[in-house]
Amino acid sequence: MKTVLATTVAGVALSAALSAQATVAWQEEQVAEVGEIVVTGTRIRRVQTSTSAPVVNVDREVMDERGYVQAGQALNQNTAVVPSTPMADGSGAASGSGAQYPNLFGLGAGRTLTLVNGRRFVTTADGTGDRVVDTNIIPVGLLKRVDVVQAGGAAVYGSDAIAGVVNYVLRDDFEGVEVDAQYGISSRDDYPQTSLRLTAGKNIFDGRGNIAASVEYSKTDSLFSYDRPSSNLGRLTVTNPDNTSNNDGIPAVKEIFNSHFWNFNYNGVIYSTPAPLEMFLLRAGGNPLQFDKNGQNVVPYDTGTIHSIPFASGGDGWDYRDIAALYTGVERVNASVIGHYDLTDRVRLTGEFTYAQTEGRDPFGTQGKATTVLNTNSPTAGAIMFFNNNAFLTPEARAALEAASPSFAGGAPLWLSKLWDDALPSREFVHTTDVYRGQIGLEGDFDYADRNFYWSASYSRAEVKGETRGWDIWNERLRNAVNAINVDGKIVCRNMDPSCVPVNMFGTGRVTPEMRDYIVLPVGQTYDNTQDNFLATIGGDVFELPAGPLSFSLAYEYRAEESSFTPSQASQQGLVGTGSTSVPTGGKYNTNEFSAELLVPIFGGDFTLPFVQSLEIDGAYRSVDNSIAGRENVWGAGVRWGIVDGLTVRASRSRNFRAPTLSQLFAPSSTGLNAISINPCDSDRINSGPNPSVRLANCEALFAANPLWGPLAGFQDEGENYNNVLVTSGGNPDLRNELSDTTTYGIVWQPSFVPGLTLVADRIEVELKDGLSAFEPSDFLQTCFDSTERNSACDTFTFNDQGHVATAISTTFNAGRIRYEGEVYNINYGFSLDDVFKGGHYGSLELNAELTHTALLETSVTGYDYLRTDGTTARPDWVSRYDIRYKRGPLRVSYSMNYLPSAKVNLYDTIESTPNPDIDSNVRHSLSAMYDFGQYTVRGGVTNLTDEEPSYPTRSYGDILGRQFFVGVNARF
Numbered sequence: 009m010k011t012v013l014a015t016t017v018a019g020v021a022l023s024a025a026l027s028a029q030a031t032v033a034w035q036e037e038q039v040a041e042v043g044e045i046v047v048t049g050t051r052i053r054r055v056q057t058s059t060s061a062p063v064v065n066v067d068r069e070v071m072d073e074r075g076y077v078q079a080g081q082a083l084n085q086n087t088a089v090v091p092s093t094p095m096a097d098g099s100g101a102a103s104g105s106g107a108q109y110p111n112l113f114g115l116g117a118g119r120t121l122t123l124v125n126g127r128r129f130v131t132t133a134d135g136t137g138d139r140v141v142d143t144n145i146i147p148v149g150l151l152k153r154v155d156v157v158q159a160g161g162a163a164v165y166g167s168d169a170i171a172g173v174v175n176y177v178l179r180d181d182f183e184g185v186e187v188d189a190q191y192g193i194s195s196r197d198d199y200p201q202t203s204l205r206l207t208a209g210k211n212i213f214d215g216r217g218n219i220a221a222s223v224e225y226s227k228t229d230s231l232f233s234y235d236r237p238s239s240n241l242g243r244l245t246v247t248n249p250d251n252t253s254n255n256d257g258i259p260a261v262k263e264i265f266n267s268h269f270w271n272f273n274y275n276g277v278i279y280s281t282p283a284p285l286e287m288f289l290l291r292a293g294g295n296p297l298q299f300d301k302n303g304q305n306v307v308p309y310d311t312g313t314i315h316s317i318p319f320a321s322g323g324d325g326w327d328y329r330d331i332a333a334l335y336t337g338v339e340r341v342n343a344s345v346i347g348h349y350d351l352t353d354r355v356r357l358t359g360e361f362t363y364a365q366t367e368g369r370d371p372f373g374t375q376g377k378a379t380t381v382l383n384t385n386s387p388t389a390g391a392i393m394f395f396n397n398n399a400f401l402t403p404e405a406r407a408a409l410e411a412a413s414p415s416f417a418g419g420a421p422l423w424l425s426k427l428w429d430d431a432l433p434s435r436e437f438v439h440t441t442d443v444y445r446g447q448i449g450l451e452g453d454f455d456y457a458d459r460n461f462y463w464s465a466s467y468s469r470a471e472v473k474g475e476t477r478g479w480d481i482w483n484e485r486l487r488n489a490v491n492a493i494n495v496d497g498k499i500v501c502r503n504m505d506p507s508c509v510p511v512n513m514f515g516t517g518r519v520t521p522e523m524r525d526y527i528v529l530p531v532g533q534t535y536d537n538t539q540d541n542f543l544a545t546i547g548g549d550v551f552e553l554p555a556g557p558l559s560f561s562l563a564y565e566y567r568a569e570e571s572s573f574t575p576s577q578a579s580q581q582g583l584v585g586t587g588s589t590s591v592p593t594g595g596k597y598n599t600n601e602f603s604a605e606l607l608v609p610i611f612g613g614d615f616t617l618p619f620v621q622s623l624e625i626d627g628a629y630r631s632v633d634n635s636i637a638g639r640e641n642v643w644g645a646g647v648r649w650g651i652v653d654g655l656t657v658r659a660s661r662s663r664n665f666r667a668p669t670l671s672q673l674f675a676p677s678s679t680g681l682n683a684i685s686i687n688p689c690d691s692d693r694i695n696s697g698p699n700p701s702v703r704l705a706n707c708e709a710l711f712a713a714n715p716l717w718g719p720l721a722g723f724q725d726e727g728e729n730y731n732n733v734l735v736t737s738g739g740n741p742d743l744r745n746e747l748s749d750t751t752t753y754g755i756v757w758q759p760s761f762v763p764g765l766t767l768v769a770d771r772i773e774v775e776l777k778d779g780l781s782a783f784e785p786s787d788f789l790q791t792c793f794d795s796t797e798r799n800s801a802c803d804t805f806t807f808n809d810q811g812h813v814a815t816a817i818s819t820t821f822n823a824g825r826i827r828y829e830g831e832v833y834n835i836n837y838g839f840s841l842d843d844v845f846k847g848g849h850y851g852s853l854e855l856n857a858e859l860t861h862t863a864l865l866e867t868s869v870t871g872y873d874y875l876r877t878d879g880t881t882a883r884p885d886w887v888s889r890y891d892i893r894y895k896r897g898p899l900r901v902s903y904s905m906n907y908l909p910s911a912k913v914n915l916y917d918t919i920e921s922t923p924n925p926d927i928d929s930n931v932r933h934s935l936s937a938m939y940d941f942g943q944y945t946v947r948g949g950v951t952n953l954t955d956e957e958p959s960y961p962t963r964s965y966g967d968i969l970g971r972q973f974f975v976g977v978n979a980r981f
């Protein structure tokens with residue numbers, strides 16, 4: 009029986025497969041004669057007369073050697089992958105669920121397809137996300153290697169393979185028992201990483217079968233902004249008063265540190281008028297007033313050095329570093345079983361089962377309940393009105409307030425602006441994902457007409473159950489409960505509801521468990537994704553050509569996917585947040601897909617010409633019928649030309665597609681308070697964008713038409729950083745597939761005069777149209793203000809009386825375009841030191857360099873205004889990694905250097921727009937070693953040896969975790 013013996017990295021067409029075979033990243037070469045193999049990127053089995061087996065991007069040994077406890081850590085080292093970490097980006101957004109998704113070339117995680125053993129895997133994202141698979145759920149104990157196909161793959165695998173494919177290949181022949189344990193810690197004695205694995209396997213029935221199982225556990229803790237020097241700066245940019253013009257060489261904004269929101273704090277800041285202006289702060293003796301922590305007295309309030317609304321440096325306001333945690337803690341459990349049994353010499357039964365649970369704990373998953381002057385127009389989040397007869401006012405506090413405000417003594421109100429840190433049991437949000445997947449299949453081969461054919465048929469069923477849990481405040485109850493009065497010596501709610509529990513809002517830590525039980529509700533969501541997948545393939549040789557057999561593969565795939573999303577009862581009833589209701593939603597679709605591939609060798613073997621040692625072409629075609637998105641036909645074609653021994657050139661061209669997700673189509677309309685991230689008229693944005701002069705002119709015209717907003721110079725919208733904009737989001741049922749055209753061409757050179765040297769270079773070009781663009785408020789705003797003529801995007805938002813964005817929308821359109829151009833390079837040289845230093849056993853050395861060059865990456869949400877991100881910290885022009893691996897007997901030593909070049913945060917940044925237009929390069933060094941004692945292997949290492957911080961002022965351009973140590977042991981029985 010002919011079986012799969014190896015899987016190697018490849019492109020969409022077989023030509024790309026050969027290029028990837030030459031990228032011998034991180035693995036010692038072992039030249040071996042092999043039979044027919046299947047390459048990732050094609051379903052055709054082909055014969056390699058001589059190949060390095062296996063030669064892949066990431067193998068299991070590298071993961072152990074470098075202390076990686078989950079697959080995402082290894083993928084982050086690939087220079088073509090945008091690193092994914094469970095970290096807050098510093099904009100005020102939460103650090104999130106802890107999920108990590110591969111994102112090739114920066115084209116978006118939803119455009120990188122994930123496979124396990126060459127088959128699709130159910131999406132693990134919630135019902136509102138892309139079809140992506142969290143790297144946390146991959147069983148490392150059974151992981152053989154990770155193949156990364158760069159650019160395309162839809163003709164072979166279907167939707168989503170636009171940027172490429174990540175294929176996790178599992179071991180199906182494991183024997184014995186293996187116990188693996190690892191512990192890591194940072195040099196700051198935090199962020200512990202614990203990993204435990206048990207893997208066992210056995211050949212059964214006299215070698216006719218094998219069954220293997222793995223159980224593993226790993227955990228990392230959360231981190232806060234205070235825990236790292238760069239995030240502990242509390243850095244923000246605000247309007248620079250020294251700026252005089254757009255060409256004076258003075259930045260429009262300046263840096264501030266130790267940033268605070270001066271308009272509110274936990275104790276409660278007191279206002280005479282509910283508006284976020286300094287003049288409306290209640291004062292006594294010239295000092296603004298607040299309640300003390302115990303809520304017993306009114307004391308002076310230090311606003312700090314006010315720079316803008318709502319930011320100040322220092323003072324008693326809410327610390328900006330408390331807005332979000334730095335890192336989400338992740339705890340993961342995985343149990344997997346894989347096996348096969350040869351029913352006959354030519355038919356094999358296969359099976360897989362995976363259960364995975366991932367729990368992400370974000371300690372600051374919610375900013376807490378805010379009732380502040382920043383949300384004056386909100387009935388649920390505005391500052392709280394109170395009177396002098398509030399039952400929780402002490403005589404001392406009442407007297408001080410009446411002295412500061414005679415009108416308060418006469419019965420007029422004051423307003424309390426605060427953030428409730430004591431009302432919620434916790435600010436933590438817990439994100440739990442449970443994944444169940446089972447697969448059963450048959451595969452085999454048969455002979456017909458003197459030819460051999462191979463076939464397979466498999467069915468898989470997978471389900472993902474996800475849940476997010478947290479707490480929020482019941483709006484109506486809070487408003488009633490804080491309006492407390494004294495009746496006959498008893499504190500009651502003014503509305504005289506006997507079930508109402510009065511709440512003390514003065515100070516912090518004053519909310520009792522009884523009060524909390526009355527005003528707090530559990531919030532969150534649950535979601536359920538299911539996938540049924542049937543795949544049947546057949547392939548073989550049609551007839552012999554002078555250069556070899558003409559080979560084919562045919563496949564049929566049926567897939568049914570269903571997703572449901574259920575918000576909490578509190579959200580469904582509109583009891584929390586903005587008071588808007590969220591409704592349960594769901595959707596389903598099925599797809600029938602047929603694909604065909606052909607490999608035609610023209611020259612090769614004994615049939616050659618001068619400078620044509622081999623020449624082969626390949627093609628792939630796929631027809632898709634999606635019950636919602638309709639029909640789509642995609643294709644791929646490639647050529648591989650072996651010029652002389654060791655020198656090969658190849659090229660490919662393909663059409664790829666991505667179907668809209670269920671949430672993009674059917675997400676229900678909901679409204680909530682969110683940040684807008686970017687207001688183009690903000691002083692630190694107005695000189696940026698693809699058309700800075702157009703943006704400036706549009707902003708000037710808007711402010712001229714609304715003189716009561718005040719001057720444009722120095723304008724800042726607090727909605728960029730604070731959740732105070734009413735954003736309405738929902739799906740779009742009229743979406744179509746997005747399409748991309750991909751071209752690759754490259755060279756593989758293995759010069760015979762330098763044995764062990766391999767050089768690979770590939771050019772990759774992707775042009776995408778009808779992109780499924782998630783139009784966020786910032787996209788609508790920039791589309792409006794960066795356009796020379798008014799367009800419909802300008803009708804999607806409104807402003808308040810200060811010129812700040814008040815309402816906006818978020819949805820998806822088929823409007824996006826992406827253009828990517830770049831190259832990937834790999835240089836690998838492996839040699840024996842015995843050949844260099846004669847007369848001894850000195851071991852072997854392997855040198856490797858992997859580089860990704862992004863020459864162009866421009867994205868248009870609207871289809872006509874392109875934003876370039878190449879050369880920025882989001883996608884630097886050059887990303888490289890350099891490895892040295894030494895082996896001598898049982899000892900392995902590995903060194904790695906990661907290099908990020910100097911870049912800009914935004915390509916259009918100049919000294920006029922920001923005080924930090926240029927971001928320094930970043931270099932990190934890592935060192936590890938492994939020693940095999942036979943039954944036991946011990947390993948240890950240091951990541952980020954020099955404790956290099958991210959390049960200032962970013963927190964992601966580098967490694968914010970800093971220096972980390974790990975030790976591990978692997979025992980085999």
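The sequence shown begins at 9 in my numbering and counts up by one.
The beta-carbon is built from N, C-alpha and C at its ideal position, and this holds for glycine as well.
All of these numbers come straight from a predicted model, not from anything done at the bench.
Return the Cβ separation of residue i and residue j in integer angstroms, given the expectation that the two are a contact with Cβ distance under 8 Å.
i	j	result
Ser910	Ser888	Ser910 to Ser888, Cβ: 13 Å. No contact.
Ala82	Met71	5 Å
Asn978	Thr945	4 Å
Asn740	Thr820	5 Å
Taking the CB atoms as reference points, tell me whether residue i and residue j lie closer together than 8 Å.
i	j	result
Gly217	Gly126	no
Asn275	Phe299	yes
Ser936	Arg153	no
Ile694	Ala260	yes
Asp878	Leu859	no
Asn714	Gly811	yes
Leu150	Ala220	yes
Leu422	Leu401	no
Ala102	Ala332	yes
Pro318	Pro284	yes
Among residues of its own chain, excluding the 5 on either side of residue i, which ones have a beta-carbon nearer than 6 Å to its beta-carbon?
i	result
Ala823	Ser781, Thr870 and Gly871
Glu902	For the record, residue 902 in the displayed sequence is Ser; it is not Glu. Once the five neighbours on either side are set aside, the close Cβ partners of Ser902 are Glu73, Arg893 and Ser936.
Lys227	Thr202 and Glu339
Ala30	Below a pLDDT of 50, predicted positions are generally treated as unreliable, and Ala30, at 36, falls in that range; no measurement from the model is reported.
Gly446	Phe361 and Arg469
Given residue i, which residues of its chain have a CB within under 8 Å of its CB, disregarding the five upstream and five downstream residues?
i	result
Gln621	Phe611, Gly612, Gly650, Ile651, Val652 and Asp653
Leu123	Thr48, Phe129, Tyr165, Val173, Val174, Asn175 and Tyr176
Glu484	Leu583
Glu797	none
Say the cut is 7 Å; is the CB of residue i nearer than that to a heavy atom of the ligand SAM?
i	result
Glu286	This structure lacks the ligand SAM, and indeed carries no ligand of any kind.
Look up residue i in the DSSP assignment and give the residues it is bridged to.
i	result
His933	Met905
Ile193	Phe973
Taking 7 Å as the limit between beta carbons, can you name the residues of its chain near residue i, skipping five residues before and five after?
i	result
Ala399	Ala492, Ile493, Asn494, Ile499 and Pro510
Point to revise | Given 8 Å, three or more beta-carbon pairs between the segment 624–644 and the segment 655–672 | key: yes
Point to revise | Inter-stretch contact at 8 Å, needing at least 3 Cβ pairs: the segment 518–530 / the segment 436–453 | key: no
Review point. Is the segment 239–248 close to the segment 349–363, with three or more CB pairs under 8 Å?
Key: no
Exercise for review: Would you check if the segment 583–598 and the segment 374–389 touch, i.e. whether three or more CB-CB distances between them fall below 8 Å?
Suggested key: yes
Practice item. Check whether the segment 759–767 touches the segment 704–719, taking contact to mean three or more Cβ pairs, one atom from each stretch, closer than 8 Å. Key: no
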